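Residue numbers (my numbering): 4 to 232.
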Ligand SMILES: C[S@@+](CC[C@H](N)C(=O)[O-])C[C@H]1O[C@@H](n2cnc3c(N)ncnc32)[C@H](O)[C@@H]1O
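See below:
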């Protein structure tokens, strides 16, 4: 289903980018992030669904729903290619094409848990759709995330002020509950390196073929939990 207003032009993830993301995530290279999200979800929650904003292929929502057998989940994503894959990722996932910077197509307070993994954060809307006793879980890259790859290939760098900006966007609406770092070494091999680069915003410029097959990098993300104010 698409809820995009007509007449607007959006820059969306292409079919190729989404396919690269699906292949890379499906091979398990980010499984520690899925596990951290599933652990964060295993706590008392109010009634309601699990919403994944900018949820891509549904990879992380699937892991969370496996940990929460009584919940249904919804992926909202701007890319129809992502939403199509997400709708097939799990029997309890529904997917909607929608713009996270606009009013979300979700009633007030109906989400018990909202996930946001490397995706746009619209503070007021995240707050509106979340149940007053629900939780928001946000995953962001730290400056160490894929640092050696970024250096080698001259990719877009992680904004050093990202943490600060995360708080600026969410502080008026949420109280911080806790934060953990998920960090580990990764040597995915040539094909997966190409997928990793191909799924990101530098898809057009990167050259992975020059890298050795055993090239190592570091996965480093913050997982932050919030409660609505
Ligand atoms: C870096 S990807 C992360 C996808 C997924 N959360 C994951 O980690 O696999 C960012 C996602 O946000 C989506 N996105 C970008 N801008 C968006 C917007 N304005 N509204 C909704 N989704 C958006 C993209 O299509 C993409 O699927």
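Yeah, the Cβ is synthetic: ideal placement off N, Cα and C, and Gly gets one too. These figures come from a predicted structure and were not determined experimentally.
For residue j and residue i, the rounded distance between their alpha carbons
i, j, result
"residue 111", "residue 86", "22 angstroms"
"residue 138", "residue 213", "43 angstroms"
"residue 217", "residue 168", "35 angstroms"
"residue 83", "residue 119", "18 angstroms"
"residue 183", "residue 225", "6 angstroms"
"residue 191", "residue 219", "8 angstroms"
"residue 133", "residue 215", "45 angstroms"
"residue 98", "residue 174", "28 angstroms"
"residue 154", "residue 20", "21 angstroms"
"residue 200", "residue 152", "9 angstroms"
"residue 125", "residue 107", "10 angstroms"
"residue 13", "residue 37", "At residue 13 the pLDDT is 47, less than 50, meaning the model places this residue with poor confidence and gives no usable figure here."
"residue 231", "residue 77", "20 angstroms"
"residue 41", "residue 158", "30 angstroms"
"residue 135", "residue 90", "27 angstroms"
"residue 179", "residue 103", "22 angstroms"
"residue 95", "residue 52", "10 angstroms"
"residue 10", "residue 28", "Only weak support exists for where residue 10 lies, its pLDDT of 42 falling under 50; the value from the coordinates is given anyway. Cα to Cα, residue 10 sits roughly 33 angstroms from residue 28."
"residue 185", "residue 35", "7 angstroms"
Host beta strand (DSSP E) of residue i (start-end)
i, result
"residue 211", "No beta strand (DSSP E) contains residue 211, which DSSP labels as neither H nor E."
"residue 62", "Where residue 62 is concerned, there is no enclosing beta strand (DSSP E), although the alpha helix (DSSP H) it sits in stretches over 62 to 70."
"residue 54", "52 to 56"
"residue 115", "114 to 120"
"residue 106", "Careful: residue 106 lies outside any beta strand (DSSP E) and carries neither H nor E."
"residue 99", "96 to 100"
Heavy atom of ligand 1 within 6 angstroms of residue i beta-carbon
i, result
"residue 80", "yes"
"residue 123", "yes"
"residue 69", "no"
"residue 59", "yes"
"residue 102", "yes"
"residue 25", "no"
"residue 62", "yes"
"residue 185", "no"
"residue 120", "yes"
"residue 85", "yes"
"residue 16", "yes"
Element boundaries [alpha helix (DSSP H), containing residue i]
i, result
"residue 88", "83 to 90"
"residue 76", "Where residue 76 is concerned, there is no enclosing alpha helix (DSSP H), although the beta strand (DSSP E) it sits in stretches over 76 to 80."
"residue 231", "Segment 220 to 231 is the beta strand (DSSP E) holding residue 231; no alpha helix (DSSP H) there."
"residue 143", "It is not in any alpha helix (DSSP H) - residue 143 instead sits in the beta strand (DSSP E) that spans 133 to 144."
"residue 44", "34 to 44"
"residue 30", "Unbroken run through residue 30: none, as it is neither H nor E."
Report the residue ranges of all beta strand (DSSP E) runs contained in full by the region 158 to 189; include only those spanning at least 3 residues, in chain order. With a minimum length of 3 residues, the continuous beta strand (DSSP E) runs that stay inside the region 158 to 189 are 177 to 189.
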